[in-house]
Amino acid sequence: MSFKNLQLNREMLRAVERVGYIEPTPIQVRTIPHILDGRDIVGCAQTGSGKTAAFALPIVQMLTPVKGKRPIRVLVLSPTRELAAQIDEEFGKFSRQTSLRHTAIFGGVGQQPQVNALQRGVDIVVATPGRLQDLMNQGYIRLDQLEYFILDEADRMLDMGFINDVKRIIKRLPKARQTMLFSATMPQTIQDLSRSILIDPVKVEANPESATVESIEQSIYFVEGGDKRALLKHILRDPASQRVLVFTRTKHRANNLAKQLSRARIPAEAIHGNKSQTARTRALARFKAGHTPVLVATDIAARGLDIDSVTHVINFDLPNIPESYVHRIGRTARAGAAGIAYSFCDVDERKYLREIEALIQEPIQVVSEHPFASSTPVPRPQNGASKPRQNGASKPGSQNRRHRSRRPRRSRQTRPA
Numbered sequence: 000m001s002f003k004n005l006q007l008n009r010e011m012l013r014a015v016e017r018v019g020y021i022e023p024t025p026i027q028v029r030t031i032p033h034i035l036d037g038r039d040i041v042g043c044a045q046t047g048s049g050k051t052a053a054f055a056l057p058i059v060q061m062l063t064p065v066k067g068k069r070p071i072r073v074l075v076l077s078p079t080r081e082l083a084a085q086i087d088e089e090f091g092k093f094s095r096q097t098s099l100r101h102t103a104i105f106g107g108v109g110q111q112p113q114v115n116a117l118q119r120g121v122d123i124v125v126a127t128p129g130r131l132q133d134l135m136n137q138g139y140i141r142l143d144q145l146e147y148f149i150l151d152e153a154d155r156m157l158d159m160g161f162i163n164d165v166k167r168i169i170k171r172l173p174k175a176r177q178t179m180l181f182s183a184t185m186p187q188t189i190q191d192l193s194r195s196i197l198i199d200p201v202k203v204e205a206n207p208e209s210a211t212v213e214s215i216e217q218s219i220y221f222v223e224g225g226d227k228r229a230l231l232k233h234i235l236r237d238p239a240s241q242r243v244l245v246f247t248r249t250k251h252r253a254n255n256l257a258k259q260l261s262r263a264r265i266p267a268e269a270i271h272g273n274k275s276q277t278a279r280t281r282a283l284a285r286f287k288a289g290h291t292p293v294l295v296a297t298d299i300a301a302r303g304l305d306i307d308s309v310t311h312v313i314n315f316d317l318p319n320i321p322e323s324y325v326h327r328i329g330r331t332a333r334a335g336a337a338g339i340a341y342s343f344c345d346v347d348e349r350k351y352l353r354e355i356e357a358l359i360q361e362p363i364q365v366v367s368e369h370p371f372a373s374s375t376p377v378p379r380p381q382n383g384a385s386k387p388r389q390n391g392a393s394k395p396g397s398q399n400r401r402h403r404s405r406r407p408r409r410s411r412q413t414r415p416a
């Protein structure tokens, strides 16, 4: 399949070639034509699947330049600052040869530069819910002429407690709009939300919940809580651990772990919500460039990060939300590449392991022989529980636009409030 088969015009095909895309990903193949046809979309897709381009390309194609004061015509809601900035950057790549203007709106930085951009006039706004509501309440943002609304990472919005903010924002949008909702998982609350804001949507599932794990070699290490740091250092000293993303459950643990690794001469930095935007951006840039081989992160901070060539994801703490496990390990299997995910599990976390295995519908292989194996008996496999890794399995280090006047929009008069 080629981008030429997706109804993209010459300008967008040139943009695709300019950014170096060779062929469309499954989510792009299944989504772009429907967006160009004016359909609402509900898409189940992981970060790294190409979903940003799946909605950005057709939207840039369909937006026509306006004269005079520019109303906001596209709103993308994102759960995190980092993801908002990345989506905004993608729109910039695809609209570079157009007169369209775009900006990112998020907290953690001063609002005046964002207000200045809005007052100059923008076509596309990518925003986090909190800062968007602040600026709407201050009168800097009006959405009465909005044409396209994209709710990205909807399940993470739910996890982070933003879902009520999202609903309040949606109530202030015009009903005559085209809406797209993307989510890595589809819990019941998100399904209910999609039914309330979408009209006859096309359902696209490019990455089912259990599909991500298929290209990732997963292992579980049963270890006492007090031995987790020693086990982590043991793994990170292996030459195969070249670019590693480590997850902890709290900001405090992320900070402490990064400091302890650095003291052990394993360069590491932490990224979490209490870090300033400047510090988070700097840490991410150093990790991407390979200057810092280990990035210690919390779920919220890492959500939506677009990082290529992550060799390993290590769950220092198992997540207490099973869907977060899928989000985490997906960082090491970008665009179809293989990846490795190690998870540490102490006695108190075994209940989380059972929930994770129920979600991904397969047991995670156990590494039973390692220097810090737990003295607490490992539960015997039962009904899909974790099974010991078989001999020969790898251990750490074994790296085996259509123009809008030509495509009339469907009536949106019946959209739910």
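What the sequence shown shows, in numbering that gives the first Met the number 0, is residues 0 to 416, in sequence order. Cβ coordinates follow ideal geometry from the N, Cα and C atoms, glycine included. Values in this document were obtained by computation on a predicted structure and should not be read as measured data.
- Ranked by Cα distance from V121, the options E22, L145, A53 and R167 are led by L145.
- In this structure, the CA atom of G329 is about 9 Å from the CA atom of V312.
- The shortest C-alpha to C-alpha distance from L62 to any of R80, L230 and F93 is the one to F93.
- Here H290 is exposed: its Cβ has fewer than 16 other Cβ atoms, across all protein chains shown, within 10 Å.
- T127 is positioned such that its CB atom lies no closer than 9 Å to that of S182.
- Closest in alpha carbon position to D316, among D298, S308 and Q96, is D298.
- Per DSSP, the continuous alpha helix (DSSP H) segment holding F93 begins and ends at R80 to F93.
- E16 sits exposed, since fewer than 16 C-beta atoms from the chains shown fall within 10 Å of its C-beta.
- Taken in chain order, the unbroken stretches of beta strand (DSSP E) that lie wholly in the stretch 8-86 and span 3 residues or more are 40-43 and 73-76.
- In the DSSP assignment, L180 forms a beta bridge with V41 and L150.
- Taking S48 as the centre and dropping the five residues before and after it, the same chain places the C-beta of T24, I26, A205 and N206 closer than 7 Å to its C-beta, in chain order.
- Annotation: the continuous alpha helix (DSSP H) that includes Q118 extends over Q111 to R119.
- The bridge partners DSSP lists for Q217 are A340.
- Listed in chain order, the non-local C-beta contacts of S308 below 7 Å within the same chain comprise R242, local neighbours out to five positions each way being set aside.
- The alpha-carbon separation between I234 and Y341 amounts to approximately 10 Å.
- Its Cα nearest to that of K287, the residue E268 stands out among E268, L56 and N115.
- When C-beta atoms of the stretch 52-59 are compared with those of the stretch 127-137, fewer than three pairs fall below 8 Å, so the two segments do not count as touching.
- Note that the C-beta distance between L99 and V59 is below 9 Å.
- In this structure, the straight-line span from the alpha carbon of C344 to that of F2 is close to 44 Å.
- Pairwise C-beta distances place the stretch 109-118 out of contact with the stretch 82-92, as fewer than three of them are shorter than 8 Å.
- The beta carbon of L197 lies closer than 7 Å to those of D39, V41, T178 and L180 in the same chain, with the five residues before and after it left out.
- Take the alpha-carbon of M159 and the one of P70: they are about 30 Å apart.
- For N136, the closest of D164, T249, P186 and S374 by C-alpha to C-alpha distance is D164.
- Looking at the DSSP output, L244 shares a beta bridge with L294 and V312.
- T102: not part of any alpha helix (DSSP H); member of the beta strand (DSSP E) spanning H101 to I104, first to last residue.
- Remark: fewer than three beta-carbon pairs, one from each stretch, lie closer than 8 Å, so the stretch 249-266 and the stretch 362-371 are not flagged as touching.
- Distance check between P238 and each of V293, A278, Y220 and L256 places V293 closest, using alpha-carbon atoms only.
- Judged by DSSP in its simplified three-state form, V222 adopts strand.
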